[in-house]
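*Asks:* Quick one: this structure, given as structure tokens, is what I'll be asking you about.
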Amino acid sequence: MRSFFKDLSLSTFTAGFVAVLVGFTSSIAIIFQAAQAFQATPAQITSWMWALGLGMGLCSLLPSLVLRQPVMVAWSTPGAAVLATAGAAGGFGMGDAVGAFMVSAALITLAGATGWFERVMNRIPLAVASALLAGVLARFGMDAFVAAKTDLPSVLGMLGSYLATRRLLPRYAVVLTLAAGVIFAAATGRMHWSGAAIGLAMPVFTAPTFSWAAVVSLALPLFVVTMASQNLPGAAVIRASGYPLPVSRLITMTGAATLALAPFGAFALNLSAITAAMCMGPEAHEDRARRYTAAACCGVLYVVIGIFGAVVTALLTAFPRELVVAIAGLALLGTIGGGLVLALKDESHREAALITFLVTLSGVTLAGVGSAFWGVVAGNIALVVQQYGRSPAQGA
């Protein structure tokens, strides 16, 4: 623990905070919609936040400290969207939902324990994985500047702060840019703290019920979407960042944690992609060996969210939307650029990587599965068509 505090820095703590801020505020509304689709009571919705906060927090904090590498776990935002739609359409109750969560978690645990998912990931070329990473993150980079449509002064001010601090104090560029955005928002009366109320979140146990209808309509789509739209890009971020993390064991951990916390509302825990890039990139710290403290800080903050669900939800959602998307995009610029460099470096893989990048960036959803999965599929098909049967010299 002494070495952790020695490695901790303002930049790594800020990276962890920004990761929580972005991950939380960008999708909390979808979580509420999913819970309400199963007729969840206010107490049960609070329990969802307790379970998800503790699950994400402990699954990020403990492995990061043990492995001394950044491990980032998040909830499945696409999974929540699937649940919100299927739950409302199918008329399922909370018992059905919990049963589906547990079936999906068991399948994810099996995928990790057998190692088949990691074996598939290892067969994806680095150029395609890097293009996937860049495609997933580029949307956030674009949104940072799209936000100028609704709040030009804030976005220009934060951009100016980022460029200036990147030149003068590069290690603290994200820290100072976030501070500038908060000060401007507070000065213009756009920080809304009125919804905050002190109170502890209490877990509420819901007994699972199992039915084929819930398995087919809820569990299987949740499993597929979580693996394809969350764990796949999450593993790609790990690989592109160069950290030798045990992906299979981490996926097994997230499945087991979901299984244990499902009766309290944890619908799907998985490897993070967007927020992981924030804690694994150079903006977190120039020393790769110290970036694990960013993930650990993120984990601590998620645990706090779980314990003080209502008050922390109100505090984090008090930040203006434009501030959140702007700081997310600016914090990811270096990682987006690094992903593109690796994706386009090898000429023999360049077109396949570019196809992966563009399909992923498009946001297209087919059969309920997001663009990250289809980007990898399209890129690998292009690679097979171009490279199959050629010698290395011909491929070049």
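According to my numbering, the sequence shown holds residues 679 to 1074 in order. Even for Gly, the Cβ is constructed at its ideal location relative to N, Cα and C. Please read all numbers here as calculations on a predicted model, not as lab measurements.
1) Tell me which residue opens and which closes the alpha helix (DSSP H) that Ala918 is part of.
2) Which residues share a DSSP beta bridge with Trp753?
3) Do Ala940 and Met727 have their C-beta atoms closer together than 8 Å?
4) For Leu1039, write down the residues that DSSP places opposite it in a beta bridge.
5) In the structure shown, what three-state DSSP assignment does Leu1010 receive?
6) Using alpha carbons as the reference points, say which of Ala1060, Trp890, Leu732 and Met905 lies closest to Phe770.
7) Should Ser681 go down as buried or exposed, given a rule of 16 or more other Cβ atoms within 10 Å for buried?
8) In the DSSP assignment, the alpha helix (DSSP H) including Ala938 goes from what residue to what residue?
9) Check this for me: beta carbons of Gly1087 and Arg817, under 8 Å apart or not?
10) Assign Leu1044 to one of three DSSP states: helix, strand, or coil.
11) Do you know how far the Cα of Thr763 is from the Cα of Pro748?
12) Do you know whose CA, among Ala885, Ala938 and Gly959, lies nearest Ala919's CA?
13) What's the C-alpha gap between Phe883 and Gly733?
14) Identify which residue in Met772, Leu1010, Thr719 and Trp1052 has its Cα closest to the Cα of Ala885.
15) CB-CB under 6 Å to Ala759, same chain, minus the five flanking residues each way: which ones, in chain order?
16) Is the Cβ-Cβ distance between Ala1009 and Ala809 less than 8 Å?
17) Need the endpoints of the alpha helix (DSSP H) that Gln722 sits in, please.
18) Would you call the region 908-926 and the region 935-951 touching, i.e. three or more CB-CB distances under 8 Å?
19) I'd like the list of long-range same chain contacts for Ser839, defined as Cβ closer than 7 Å, with 5 residues on each side in sequence excluded.
20) Give the DSSP-derived three-state secondary structure of Gln717 in the structure shown.
21) Pull up the CB-CB distance for Gly984 and Ala879, whole angstroms please, since I reckon it's below 8 Å.
22) Taking Met799 as part of the alpha helix (DSSP H), name the residues at either end of that continuous run.
23) On the CB-based measure, 16 or more other CB atoms within 10 Å of its CB, does Pro756 come out buried or exposed?
*Replies:* So, from the data block:
1) Leu910 to Ser919
2) Trp753 is bridged by DSSP to Leu947.
3) With a cutoff of 8 Å on beta-carbon distance, Ala940 and Met727 are scored as not near each other.
4) Paired residue(s): none; Leu1039 is not in a bridge.
5) coil
6) It is Trp890 whose Cα lies nearest to the Cα of Phe770.
7) exposed
8) Judged by DSSP secondary structure, Ala938 falls within the alpha helix (DSSP H) whose first and last residues are Val925 to Leu939.
9) What is shown of the chain runs 679 to 1074, which leaves residue 1087 out entirely.
10) For Leu1044, the three-state secondary structure derived from DSSP is strand.
11) When rounded, the distance between both Cα atoms is 33 Å.
12) Going by the sequence as given, residue 919 is Ser instead of Ala. It is Gly959 whose Cα lies nearest to the Cα of Ser919.
13) 15 Å
14) Checking every option, the nearest Cα to that of Ala885 belongs to Met772.
15) Ile708
16) No; because the gap between Cβ atoms is not below 8 Å, this pair is not in contact.
17) In the DSSP assignment, Gln722 falls within the alpha helix (DSSP H) that extends over Pro720 to Leu745.
18) yes
19) Leu854, Thr855 and Ala858
20) Per DSSP, reduced to three states, the secondary structure at Gln717 is coil, with no helix or strand assignment.
21) 6 Å
22) Trp794 to Asn800
23) With 16 or more Cβ atoms within 10 Å of its Cβ, Pro756 is classed as buried.
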